[in-house]
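Novice: Sharing a structure with you now.
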Amino acid sequence: MVLLLLAVAGHSVEAKKPARQDSKVKNIIYMIGDGMGLCHVSLLQIEAGYKPTAFDRADNTALIKTYSANNRVTDSAAAGTALATGYKTNNGTIGQLPDGTPVESIMAKARDNYATGLVVTCYLQHATPAAFYAHAEDRGDSDKISRDFMESGVDVAFGGGRKVFEKAYKDSGEDYEKLLEERGYEVIYDEDDMDDVHSGRVVGLFADSNLPELKKGRGDYLARATEKALEVLTANVKADKKDGFVMMVEGSQIDYRSHANDLDGILAEMRDFEKAIKVAMDYADTHKGTLVVICADHETSGMSIPSNKTDFTLPESGINYDFSTSSHTGIMVPVYLYGAGADRINGIMENTELSQKLQQLIGVADK
């Protein structure tokens, strides 16, 4: 990477050239920290001693509004639909408008000319990932969502959901694994089996439902799965002569720990998500035309970071981490952009606008 020399206070220091700012976006790595607000990112920075984090590598930032079509405070289904499709809907609804009209996600629109992938720490039928391939009036209709996944054509999907798939096909007596294999998927159940996959279609189901919490042994799954999905999608783009790829990566359990007001758990999940972000940014540094978009669907917990004292003449006042709710909030959430096209998404936007701008960048937006 080219290095620039800057003179600061009489000293020469090296500064890395920003990530590739190529005019054409070929690959989008859409990273969603479920429940992640600005205070969550601030927590990560503070507890790192203000050492640079992956978030600090961003070339550009923006803010998005999160309200849904019928509520000032969104849930993940409506917010995921907005981020995936560019349309607002009611809370609890996935991939369709309040009147039931289905709307297609950026991933569905792109699949003819782009490889597609999902990497999550929840089950694959959960609200946010489902918004990228399914249409359901009720986010709890996991049977419908499982069947929609079967027809989605997604190239790579890593997460949990074995029992959810089994339930969807139990009444009909069909074997979901056989159905996936008939559609060209390799189905794996052990994370170590990712090492043997290098191209083609693959579904990794690494838990019955959600993957374990970090403190219960999830390890470095999210960063590893992100790196593997990027490898497979890159190979598929070359082999199938695709224009590029669209991949969504979710730090799903930031939200879970935030609902629990579990400060240590939130910090662990944020650190885990940051590792995956670093993988994505490093990929963008070496693969021309890659845009990394990091955002949230909403904020959870109403976390704040107040000073412990009001006397700011002291050298250190101390801080506390407070929570105002165990639910979601209505505040705007940040967007961090890195790589190709990062300079073209700016300002304060609706969450739908972010999706629309991304669709425009790869030429799949509604006309």
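Sequential numbering of the sequence shown, starting at 206, is according to the numbering used here.
Ideal Cβ placement from N, Cα and C applies to all residues, glycine included.
#1: For GLY405, does the three-state DSSP call read helix, strand or coil?
#2: Would you kindly check if the distance between the Cβ of LEU496 and the Cβ of LEU542 is under 9 Å?
#3: Could you tell me if ASN556 is buried or exposed, where buried requires 16 or more neighbouring beta carbons within 10 angstroms of its beta carbon?
#4: Take every Cβ of the segment 255-266, pair it with every Cβ of the segment 531-538, and state whether three or more of those distances are shorter than 8 Å.
#5: Reducing DSSP to helix, strand and coil, say where LEU519 ends up.
#6: Mapping DSSP to helix, strand and coil, what is GLU555?
#7: Identify whether ASP576 lies in helix, strand or coil by the three-state DSSP scheme.
#8: Assuming HIS503 and GLY238 make a contact with CB atoms under 8 Å, what is their CB distance in whole Å?
#9: Return the bridge partner residues of MET399 from the DSSP annotation.
#10: Taking the straight line between their C-alpha atoms, what separation do you get for TYR255 and MET554?
#11: Which residues in the same chain have their Cβ closer than 8 Å to the Cβ of ARG352, if we skip the five residues on either side of it in sequence?
#12: Going straight from the alpha carbon of ALA339 to that of PHE354, what length do you get?
#13: CA-CA distance, LEU566 and GLY494?
#14: Just the Cα atoms here: how many angstroms apart are ARG388 and HIS492?
#15: Whose C-beta lies closer than 7 Å to the C-beta of ALA570 among residues of the same chain, with five residues either side of it excluded?
#16: Which residues in the same chain as TYR292 place their Cβ atom closer than 7 Å to its Cβ, once the five residues preceding and following it in sequence are excluded?
#17: Nearest chain B C-beta to THR518 closer than 9 Å, yes or no?
#18: Opposite ALA263 in the DSSP bridges: which residues?
#19: Which whole runs of the alpha helix (DSSP H) in the segment 434-517 are 4 residues long or more, in chain order?
#20: Within the same chain, show all residues whose beta-carbon is closer than 7 Å to that of GLU474, passing over the 5 residues directly before and after it, in chain order.
#21: Is it buried or exposed for GLY568, if we count other Cβ within 10 angstroms and need 16 for buried?
#22: Pick out whichever of LYS231, ASN232, VAL230, MET236 has its Cα sitting closest to the Cα of LYS480.
#23: Closest to LEU416 by CA distance: which of VAL407, ALA430, ASP348 is it?
#24: Apply the 10 Å Cβ neighbour rule to PRO334 and answer buried if 16 or more other Cβ atoms are within range, or exposed otherwise.
#25: Where does ILE311 fall in DSSP's three states?
#26: At what residues does the alpha helix (DSSP H) containing GLU387 begin and finish?
#27: Near HIS216, what residues of its chain come up, given a Cβ to Cβ distance below 8 Å and the 5 sequence neighbours on each side ignored?
#28: Using the C-alpha atoms, what's the distance from PHE478 back to THR505?
#29: When we look at the beta-carbon of ASN513 and count the other beta-carbons within 10 Å, is it buried (16 or more) or exposed?
#30: Provide the residue span of the beta strand (DSSP E) that contains GLU391, from first to last.
Specialist: Let's see:
#1: coil
#2: yes
#3: buried
#4: no
#5: coil
#6: strand
#7: The structure shown does not extend to residue 576, since the chain is modelled only from 206 to 572, so the question has no answer here.
#8: With 8 Å as the limit, HIS503 and GLY238 do not qualify as a contact, their Cβ atoms being about 10 Å apart.
#9: Paired residue(s): none; MET399 is not in a bridge.
#10: 28 Å
#11: ALA373
#12: 7 Å
#13: 11 Å
#14: 29 Å
#15: GLN561, GLN564
#16: THR286, LEU302, VAL308, THR557
#17: The structure shown has no chain B; it contains just one protein chain.
#18: Beta-bridge pairing links ALA263 to no other residue.
#19: Segments of the alpha helix (DSSP H) lying fully in the segment 434-517: 458-464, 468-491.
#20: Excluding its 5 nearest sequence neighbours in each direction, GLU474 has C-beta neighbours in its own chain below 7 Å: LEU419, GLY456, GLN458, ILE459, ARG462, listed in chain order.
#21: exposed
#22: MET236
#23: Out of VAL407, ALA430, ASP348, ALA430 has the C-alpha closest to the C-alpha of LEU416.
#24: So PRO334 ends up on the buried side.
#25: helix
#26: 381-387
#27: Residue placement at HIS216 is poorly supported in this model, since its pLDDT is 37, which falls under 50; the coordinates are not used for a value here.
#28: 16 Å
#29: Per the 10 Å Cβ criterion, exposed.
#30: Taken as a continuous stretch (DSSP letters only), the beta strand (DSSP E) holding GLU391 covers 390-393.
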